[in-house]
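>
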Amino acid sequence: MASEKQYLFFKSLYDEENERTKLLGEHAKNNLGLVTVYSAFIIFVMDKQVVSMTTIGKWLFIGAILLMLASILLSLLATQVAEFEVSTLPSKIFENFGDSAPTDEDFFDDRIADYSVACENNSVVNDRKAKTLTVARYLLLAGVAAHAAYFIERLR
Numbered sequence: 002m003a004s005e006k007q008y009l010f011f012k013s014l015y016d017e018e019n020e021r022t023k024l025l026g027e028h029a030k031n032n033l034g035l036v037t038v039y040s041a042f043i044i045f046v047m048d049k050q051v052v053s054m055t056t057i058g059k060w061l062f063i064g065a066i067l068l069m070l071a072s073i074l075l076s077l078l079a080t081q082v083a084e085f086e087v088s089t090l091p092s093k094i095f096e097n098f099g100d101s102a103p104t105d106e107d108f109f110d111d112r113i114a115d116y117s118v119a120c121e122n123n124s125v126v127n128d129r130k131a132k133t134l135t136v137a138r139y140l141l142l143a144g145v146a147a148h149a150a151y152f153i154e155r156l157r
């Protein structure tokens, strides 16, 4: 039989996963901001130099743009609304009470089970978002590197 302290432990795990969801959302917003600003810079450069680009320069420039676009798309994908698991619905708890309320131990057992399932499911969603954001950040970095290579090539 579960105690209130055990219940609070499992609730804290669920709360940590919810905090992770918020943190991933902030990372996605930051990534979108960085990509947007840098993409504007790339477009600004394009207006000035598109006529005099070499073949290598054009490919580096196109590569930078494509990498930035991929980063934007993955960042947006990471911000999409996902199906998170709620710990429990109050109406479901009341339905399970029946004629009499359960003992505290039984109640905490059920809530621990609810928090465990919700935490595991939400962790899977957050892991997927974190992996998507990681790839988006690497694509952003690769886009910046391609753009830097473009500038270096222009100096020749």
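Each number in this note's numbering comes from the position in the sequence shown (counting from 1) with 1 added on. Heads up, the beta-carbon is just placed ideally off N, CA and C, and yes, glycines get one too. Quick caveat: nothing in here was measured; it's all calculated off a predicted structure.
Going straight from the alpha carbon of VAL118 to that of LEU90, what length do you get?
The straight-line gap from Cα to Cα measures roughly 13 Å.
> Sort ARG157, ILE113 and THR56 by Cα distance to MET2 and report the nearest one.
Minimum Cα distance to MET2 is reached at ILE113.
> Classify ALA164 as helix, strand or coil using the three-state DSSP reduction.
Given that the chain is displayed from residue 2 to residue 157, the structure contains no residue 164 and the question cannot be resolved.
> Would you report the Cα separation of ALA150 and LEU25, rounded to the nearest angstrom?
Those two C-alpha atoms are separated by around 31 Å.
> I'd like to know whether the C-beta atoms of TYR116 and TYR8 end up nearer to each other than 9 Å.
Yes. Within cutoff.
> Taking C-beta to C-beta, are GLY144 and GLY64 nearer than 9 Å?
In contact: GLY144 and GLY64 (Cβ atoms closer than 9 Å).
> I believe ALA146 touches LEU75 by the beta-carbon criterion, under 8 Å. Please report the beta-carbon distance rounded to the nearest angstrom.
Contact doesn't hold; Cβ gap of about 17 Å is too wide.
> Fully enclosed by the segment 82-144, which alpha helix (DSSP H) runs are 4 residues long or longer?
Qualifying alpha helix (DSSP H) stretches, in chain order: 91-98.
> If THR80 and ALA29 are in contact, beta carbons under 8 Å, what's the gap, nearest whole angstrom?
About 4 Å separates the two Cβ atoms, so the contact holds.
> Under 9 Å between the Cβ atoms of LEU140 and LEU78?
Not a contact, by the Cβ cut-off of 9 Å.
> How would you label GLU96, buried or exposed, when you count the other beta carbons within 10 angstroms and need 16 or more for buried?
Its Cβ having fewer than 16 others within 10 Å, GLU96 is exposed.
> Is the beta carbon of VAL36 closer than 9 Å to that of ILE66?
No, the Cβ-Cβ distance between ILE66 and VAL36 is not below 9 Å.
> Report back the beta-carbon spacing between CYS120 and GLU5 to the nearest angstrom; my notes put them in contact at under 8 Å.
At roughly 18 Å, the Cβ-Cβ gap does not stay under 8 Å, so CYS120 and GLU5 are not in contact.
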